[in-house]
Amino acid sequence: MSLVRLHVRHILLGMSGLITLWLFVACVPLIRDSRAEPPRNATAPTPVLSNAQVSINNFTFTPDVITVTVGTTVTWRNQDDTPHTVTEANHLFGSKGLDTDDQFAFRFTDTGVYTYFCSIHPMMVGHVVVK
Amino acid sequence: MTDKLIHTPSTDGIDRRGFLKCMAWVGTGLIWTMSGGVLAGCIQPQAAGQAAAATGDFSFVQISDSHIGFDKDPNKDVTSTFQQAVDKINALSTPPAFLLHTGDLTHLAKPEQFDTVGQVLKGAKASQVFYVPGEHDVIGDNGKSYLDRYGKGTQGAGWQSFDYKGVHFIGLVNVVNLKAGGLGVLGQEQLDWLKQDTANLATSTPIVVFAHIPLWTVYPQWGWGTQDSEQALTLLKRFGSLTVLNGHIHQILQKVEGNVTFHTARSTAFPQPEPGKAPAPGPMKDVPADKVRSMLGITNVAYVEHNSMLAVTDATLA
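See below:
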């Protein structure tokens, strides 16, 4: 897969699950992480993705549950006419207000189940399972 | 026009004919006539103003959901419709004592959007504007920009109270610290403040509460409700007259429950679908351009002291 250009101005990197760092860049190539390769012996029925996209459409995160490997960057894109946010339930990470077609990316560096929601419309909830 | 709808706390008094006349005015704003603190009827803005002028009582206007910064269908110029709402207010025969803005001043809480709100409202013929934030006003900073600009003199996340001619007004904030999967939240700190704020008021004091998200459960699937509103209403149930004014849902809904009257106002920016009548609660983008203004509006509330009654009038921008 060729390098993916993210049309986002803010890329939030999670480091060790504790330290987050905002990179303020206009348009940068995403550096692929060697750890993002799916495990060769993966047998889980749920597809384990090495990078993932979540669309926000009709006040819904689609898919609402995704399973990824450690090191994966997940990118959300707002396709609604209404602004939304991607806000981790315990505020471990979060986007600014995403207007139509804005994107937000977050790289998951620790295993776990992450629940997030839209802080503007809190009935919108999604989950990222990191294995 | 003098069509007036009277009801007492024991019966809602709204007949079909009167209801339809009220609904005909839905969408440009709501004019409430307060008379002894009880919702009395539905009259046109001019009539409400005249009623207030005739009795020496007062009226105020609720505006809501201006969403400055929204630029898509069905209304690509929300500043213009917001200005029209102000023009409508300025055309009232009796100027309102003040304005209440029940939140979502802006679409994305950007500084320039807050600026535009202030510039447009500067032209309103009202001595003061009281605000509560909507969830769009607190995006990104949990309300700091909003508080810096519109929260002066308020407490906590922007809650406040004031008295005007014997009526106690309470502005509540239910849009911060929201939780995944939840509804609007007032929070314990605010509830404690509310208890203290009303502790020394006589039960005969008319109460008007204003907040962004409805304080009654309209449609939880779309987040149209406040999870701890019942606690607030319990604190206020001893009062003989309680009027609750909300925004958020961009359409008029009204409910009378005992001595409590709930009313939601139209937006000045764009209409939203009726509960459950669309896949999602976003803007109704397919409304034809020539119909949009009939779905936007203001609310005028007139208070008449001698019979302690409230009259509410909604007027559209059409």
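If you read the sequences in order, they're chains A and B. Sequence positions in the first sequence follow the numbering used here and run 1 to 131. Sequence positions in the second sequence follow the numbering used here and run 132 to 449. All residues carry an ideal CB built from backbone N, CA and C; glycine is no exception.
Helix, strand or coil at B:H381 according to DSSP, with G and I counted as helix: Walking along the second sequence from the start, residue 381 of chain B turns up at place 250. Residue state, collapsed to three classes: coil.
Distance, A:I120 Cα to A:P83 Cα: Here the question's residue 83 of chain A lines up with position 83 in the first sequence. Here the question's residue 120 of chain A lines up with position 120 in the first sequence. Cα to Cα, the separation comes out at about 8 Å.
Every unbroken alpha helix (DSSP H) inside the region 320 to 385 of chain B [4 residues or more]: 360 to 367
Chain B contact for A:G112 (CB, 8 Å cutoff): Within the first sequence, residue 112 of chain A is the residue found at index 112, counting from 1. No, A:G112 lies away from the interface with chain B (no Cβ there is under 8 Å from its Cβ).
Chain A residues whose Cβ lies nearer than 8 Å to that of B:K416: For this step, residue 416 of chain B is matched to residue 285 along the second sequence. Within chain A, the residues near B:K416 are D81.
Coarse secondary structure for B:I111, derived from DSSP in three states: The displayed coordinates of chain B run from 132 to 449. Any statement about residue 111 of chain B would go beyond what the structure contains.
Runs of alpha helix (DSSP H) lying entirely within the region 190 to 273 of chain B, each at least 4 residues, in chain order: 209 to 221, 242 to 253
Chain B within 8 Å of A:N58, Cβ atoms only: Position 58 of the first sequence holds residue 58 of chain A. For A:N58, the answer is yes, since a Cβ of chain B falls inside 8 Å of its Cβ.
Given 8 Å, three or more beta-carbon pairs between the region 238 to 247 of chain B and the region 215 to 225 of chain B: no
B:L332 vs B:V375 beta-carbon contact at 8 Å: Translated into the one-based positions of the second sequence, residue 332 of chain B becomes position 201. Translated into the one-based positions of the second sequence, residue 375 of chain B becomes position 244. Against a cut-off of 8 Å, the Cβ pair of B:V375 and B:L332 comes out as no contact.
Per-residue contacts from B:A240 into chain A (C-beta, under 9 Å): Sequence index remark: in the second sequence, residue 240 of chain B carries index 109 (1-based). Chain A residues near B:A240: G97.
Residue of B:D188, B:Q193, B:F189 minimising C-alpha distance to B:D381: Mapped onto the second sequence, residue 381 of chain B falls at position 250. The sequence as given places His at residue 381 of chain B; Asp does not occur at that position. For B:H381, the nearest C-alpha among the options comes from B:Q193.
Chain-ordered chain A contacts of B:P412 [CB-CB under 7 Å]: Residue mapping note: residue 412 of chain B aligns to position 281 of the second sequence, counting from 1. Ordered by position in chain A, the residues that pass the 7 Å Cβ test against B:P412 are F59.
A:D129 versus A:P122, A:M123, A:T109, A:C118, residue with shortest Cα-Cα distance: Position 129 of the first sequence holds residue 129 of chain A. One point to set straight first is that residue 129 of chain A is Val, not Asp, in the sequence displayed. A:V129 has its Cα closest to that of A:T109, out of A:P122, A:M123, A:T109, A:C118.
Which of helix, strand or coil DSSP assigns to A:V86: Within the first sequence, numbered from 1, the residue matching residue 86 of chain A stands at position 86. The answer is coil: DSSP assigns A:V86 none of H, G, I, E or B.
Simplified DSSP assignment, three categories, for B:A420: Counting from 1 along the second sequence, the entry for residue 420 of chain B is found at position 289. Helix, per DSSP.
Contacts around B:V260, its chain only, beta-carbon distance under 8 Å, and the 5 residues preceding and following it disregarded: Counting from 1 along the second sequence, the entry for residue 260 of chain B is found at position 129. Once the five neighbours on either side are set aside, the close Cβ partners of B:V260 are F229, L230, L231, H232, L252.
Three-way DSSP call (helix, strand, coil) for A:D64 in this model: As a working note, residue 64 of chain A is residue 64 in the first sequence. DSSP places A:D64 in coil when its eight states are reduced to three.
Contact set for A:V125: own chain, Cβ-Cβ below 6 Å, skip 5 residues either direction: The residue given as residue 125 of chain A occupies position 125 in the first sequence. Once the five neighbours on either side are set aside, the close Cβ partners of A:V125 are F117.
Beta-bridge pairing of A:L98 - partner residues as DSSP gives them: Counted from its first residue, the first sequence places residue 98 of chain A at position 98. A:H84, per the DSSP bridge assignment.
C-alpha gap between A:Q53 and A:R77, whole angstroms: Here the question's residue 53 of chain A lines up with position 53 in the first sequence. Here the question's residue 77 of chain A lines up with position 77 in the first sequence. Going from the Cα of A:Q53 to the Cα of A:R77 covers about 8 Å.
Pairwise C-alpha distance: B:Q321 and B:Q177: To locate residue 177 of chain B, count along the second sequence from 1; it is residue 46. To locate residue 321 of chain B, count along the second sequence from 1; it is residue 190. Unreliable placement is indicated for B:Q177, whose pLDDT of 47 sits below 50; the coordinate value is still reported in the next sentence. Answer to the nearest angstrom: the Cα atoms are 37 Å apart.
Contact list for A:V125 against chain B, beta-carbon separation under 8 Å: Taking the first residue of the first sequence as position 1, residue 125 of chain A is located at position 125. What A:V125 touches in chain B: A311, G312.
Chain A contacts from the region 328 to 359 of chain B (Cβ-Cβ distance under 9 Å): P351, Q352, W353, G354
Members of the region 246 to 275 of chain B that neighbour chain A once the beta carbon cut-off is set at 7 Å: E266, H267, I270, G271
According to DSSP, residues forming a beta bridge with A:I56: For the purposes of this step, residue 56 of chain A is identified with residue 56 of the first sequence, where counting begins at 1. BP columns for A:I56 point to A:F61, A:N78.
A:A26 versus B:N273 - alpha carbon distance: Along the first sequence, read from residue 1 onward, the residue named residue 26 of chain A stands at position 26. Along the second sequence, read from residue 1 onward, the residue named residue 273 of chain B stands at position 142. Residue placement at A:A26 cannot be trusted, given a pLDDT of 35 that sits under 50; what the coordinates show is reported in the next sentence. C-alpha separation (whole angstroms): 25 Å.
Alpha-carbon to alpha-carbon, B:P414 and B:M426: For the purposes of this step, residue 426 of chain B is taken as the residue at position 295 of the second sequence. For the purposes of this step, residue 414 of chain B is taken as the residue at position 283 of the second sequence. Whole-angstrom Cα-Cα distance: 12 Å.
Contact list for B:K203 against chain A, beta-carbon separation under 8 Å: Counting from one through the second sequence, the residue named residue 203 of chain B turns up at place 72. Neighbours of B:K203 on chain A, chain order: D81, T100.
Per-residue DSSP class, three states only, for B:S292: Translated into the one-based positions of the second sequence, residue 292 of chain B becomes position 161. Three-state result, B:S292: strand.
Any C-beta of chain A under 8 Å from that of B:L448: Start at 1 with the first residue of the second sequence, and residue 448 of chain B comes out as number 317. No, B:L448 does not count as interfacial toward chain A.
Neighbourhood of A:H127 by C-beta, 8 Å cutoff - its chain only, sequence neighbours within 5 removed: As a working note, residue 127 of chain A is residue 127 in the first sequence. Only D64, V65, I66, V113, Y114, T115, Y116 meet the Cβ criterion.
Coarse secondary structure for B:R397, derived from DSSP in three states: Residue mapping note: residue 397 of chain B aligns to position 266 of the second sequence, counting from 1. Coil at B:R397, not helix or strand.
Chain-ordered neighbours of A:F117 on chain B, where CB pairs are closer than 9 Å: Within the first sequence, residue 117 of chain A is the residue found at index 117, counting from 1. Simply L309, K310, A311, G312, G313.
A:V113, DSSP secondary structure in three states: As a working note, residue 113 of chain A is residue 113 in the first sequence. Here A:V113 sits in strand by DSSP.
Alpha-carbon spacing of B:D445 relative to B:Y277, whole angstroms: What you label residue 445 of chain B is simply residue 314 of the second sequence in a count that begins at 1. What you label residue 277 of chain B is simply residue 146 of the second sequence in a count that begins at 1. Roughly 27 Å between the two C-alpha positions.
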